Amino acid sequence: MKFNISLFSLFFSIICFAQLNPKTKWGEVSQAEIDYKKVSYEPDAGAVILYEEGKTIISGSFQTKVYRRIKILNEKGIDAANQQLTFYAEKNKEKIEGLKAQTLNIENGQVKAYPVEKNSIFDINLNEFYGAKKFTFPNVKVGSILEFEYDFYDENAYLIDAWRFQHEHPTLFSQYSLTNETHREYASLMVGEKIVQQSKNNKSKDASKWTLTNLTSYSSIPYLYNPADMAEGIILQLMGYFTDSKGAFSEIVFKEAISNWADVSKELQNYYNGFANAGFGKEIANSIPNGNSEKATIENVHQYMKQNYKWNNYQALYPRKTNKEVEKDKTGYSADLNILLNSILKGKGLKAELVIISTRDNGKLIINYPYLGQFNTIVNMISLKDGSVIYMDASDLSNGLGFMPLRDYNHYGLILNSKDNNFANLTQPISEFSSVQLYNFKENQFILSRNDKANGYFLQQQKKEALPKGQEQYHEVKNALDLLMNETKKDSKMAEDGTRMERTFYESAPIQSQNFFTIENPLKSTVSFFKLSENTRERALEFNFPFYYKTDVIIPIPDGYEVQIPQDFQSNHSASRKELNYYQTAEVKDNKVILHVEFIVTKPAFSYGYKEIKSFFEKVNLDASKTILMKKS
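Positions -18 to -1, 1 to 615 (mature numbering (1 follows the signal peptide of the UniProt record, and there is no 0)) are the ones given, in order, by the sequence shown.
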């Protein structure tokens, strides 16, 4: 009987799915859509994309007709009523036309349509490059179905973000088709695990239609700098075009369209040269004191830029002001400030090169395809005589020398004016956090003197940076003794090397015949961030920044108590060729419990060895949860 029920449920779900797709006609609602209440594979979703379709025709331009239908499942999904369709507005390279939208509600058993009026659709400027169509669906409530369609035009024929199957809400059905009516030839770049697998399974070389079903929201994908970056999608890259050879025999020949990074680098460097001023940069450099080392001199430049110039909050690959104009206004775009910084660094005789990058929110670079449209800002790379490298972003110098804002670290950047057209590997220095916890037992109460040292991004944990899922907020390193402790005094100061040192004193209430105390691993909550739930993963694991935690704890054993340390407490784990390490040990010595823990991740991203890394974190979480018991004899 149970088998029959399961079979019926499966049959029912298939029938419902079939009724949801293909697309219901504009303004109509099927019973299956009315009955749909919850996404089985993402039950907390507030809204769901029931159906969407994109049809692209490449003719004189790139034209896509888009249709999307969304259902509001619960109160969390009401915000889906607010839509903003973004496009690249500069020189009308992209535009949206023919937009219409409506809310469909079931009222007294009938479908009632509430259209979005044309005067409720607003054209807004997001910045000097991007614009958007902004509108709000009317009369939206739980159970509403929202549908809209529009035509998207793109004059860029080189690299086209053609279609995204995955969105901020789960998607039941997404279909995309492509018709090329030109002599241009495109390569289809598949992004995401499902579409890549579908392409491998599709033996047809001229496939022009793709369909994906039951997709999670991209926000549910953990450990990514930009979840939308790895959403299932298709990117089109112009490979070349067929044309008349214009020779004696008038043959049809194929001409490649892909340039190379050398041409891209040369083009942009020549443009930047019109804004840089070596003489003026040297003039400013001469006003900045030299340090007793290369690094000290760079630190002086860092402080000068931080104190004298302000970013206007616009990321830009192309500058708008010359060095002299930036000096006069004391503000500018990210490109303006970094080109001035480059002139000053060179004026100091330092080897400084400009590196163009794509920030985390802009998306990951496709380095196989030379195209400037992938980048959105620039930074400086300084090569020291000792072989080390320091990166600086003049738009944000708040994290200290060598620590650019986290948004800048997105794997790679193209070094301009490089003879070898090299890409810089953008990896942050390791941020360190150490905690020494010295307990004392006096007059029937515990007293704690805790000394913490932190540098790098540990100094900026209160800033609202865009963090990977699962790392929205770093857990603090806890006090080891599981006992209510009241803070009595705290001192803090900054060292010259940028390390923050804090000393905090605590004391407990008098101990009243307590039978036992629990000693916990201070890094337990920190380690708990790293729980990898996916069984398999093709995408890279992207952690926020590399780090090194170290903690030492010394706790005296009060008279009449004894300590029990689990036999398997000591552990030592490593993975990914020792790029991840964890070590913990505990012992009783001189009537004191001595606990030592280290946790190291030496780089921020891992593109291989997922199963090994998953196993590493499982073992580390298990060991970090082990406790030491101090109980009455």
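All C-beta atoms, glycine included, are put in the ideal place defined by N, C-alpha and C.
All figures in this text were calculated on a predicted structure; none of them were measured in a lab.
How long is the line joining the alpha carbons of residue i and residue j, rounded to whole angstroms?
i	j	result
residue 251	residue 512	42 Å
residue 84	residue 315	40 Å
residue 446	residue 13	Any reading at residue 446 needs caution, since the residue's pLDDT is 46, under 50, leaving its predicted position unreliable; the model's value is listed next. Approximately 44 Å between the Cα atoms of the pair.
residue 609	residue 550	11 Å
residue 461	residue 385	28 Å
residue 474	residue 311	36 Å
residue 38	residue 381	45 Å
residue 46	residue 137	12 Å
residue 453	residue 530	Model confidence at residue 453 stands at a pLDDT of 48, short of 50, so the residue's coordinates are unreliable; what they give is reported in the following sentence. Taking the straight line from one Cα to the other gives about 16 Å.
residue -15	residue 527	Legend: pLDDT at residue -15 = 37, less than 50; position of this residue unreliable, value from coordinates given subsequently. So the alpha carbons of these two residues sit roughly 52 Å apart.
residue 246	residue 307	26 Å
residue 62	residue 154	16 Å
residue 603	residue 218	42 Å
residue 506	residue 167	54 Å
residue 269	residue 558	47 Å
residue 309	residue 280	19 Å
residue 465	residue 35	58 Å
residue 359	residue 133	30 Å
residue 480	residue 533	20 Å
residue 300	residue 263	19 Å
residue 100	residue 65	14 Å
residue 561	residue 289	37 Å
residue 182	residue 172	10 Å
By the three-class DSSP mapping on this structure, what secondary structure does residue i have?
i	result
residue 284	helix
residue 480	coil
residue 246	helix
residue 146	strand
residue 597	helix
residue 550	coil
residue 203	coil
residue 349	coil
residue 296	coil
residue 426	coil
residue 276	helix
residue 518	coil
residue 325	helix
Which whole-angstrom value is the C-beta distance of residue i and residue j, which I expect to be below 8 Å?
i	j	result
residue 67	residue 53	Not confirmed; about 19 Å, so no contact.
residue 165	residue 199	Actually they are not in contact, since the Cβ atoms of residue 165 and residue 199 sit about 39 Å apart, beyond 8 Å.
residue 131	residue 82	6 Å
residue 327	residue 361	With a Cβ gap of about 12 Å, residue 327 and residue 361 do not count as contacting.
residue 491	residue 546	At roughly 24 Å, the Cβ-Cβ gap does not stay under 8 Å, so residue 491 and residue 546 are not in contact.
residue 514	residue 596	4 Å
residue 77	residue 135	5 Å
residue 113	residue 103	About 13 Å; that fails the 8 Å criterion.
Measuring CA to CA, which of the options is closest to residue i?
i	options	result
residue 248	338, 10, 49, 11	338
residue 503	426, 330, 584, 459	459
residue 614	370, 558, 573, 542	542
residue 410	243, 374, 149, 58	374
residue 216	154, 556, 177	177
residue 320	119, 340, 293	293
residue 254	264, 271, 525, 322	322
residue 622	274, 286, 256	The shown model of the chain, from -18 to 615, leaves out residue 622, and the question about it has no answer.
residue 370	394, 396, 343, 334	334
residue 419	432, 438, 91	432
residue 343	298, 145, 99, 210	210
residue 612	571, 27, 463	463
residue 193	208, 169, 159	159
residue 124	79, 40, 169, 20	20
For residue i, which beta-bridge partners are listed by DSSP?
i	result
residue 612	499, 545
residue 317	In DSSP, residue 317 forms no bridge with anything.
residue 559	According to DSSP, which records beta bridges pairwise, residue 559 is partnered with nothing at all.
residue 535	419, 577
residue 36	48, 158
residue 393	408
residue 490	467
residue 128	52, 85
residue 113	69, 107
residue 219	141, 169
residue 30	53
residue 192	158
residue 566	553, 579
residue 432	419, 486
residue 472	486
residue 524	587
residue 270	Residue 270 is not bridged to any residue.
Is there a C-beta anywhere in chain B that falls below 8 Å from the one on residue i?
i	result
residue 540	Checking the listed chains, one finds no chain B in this structure; it contains a single protein chain.
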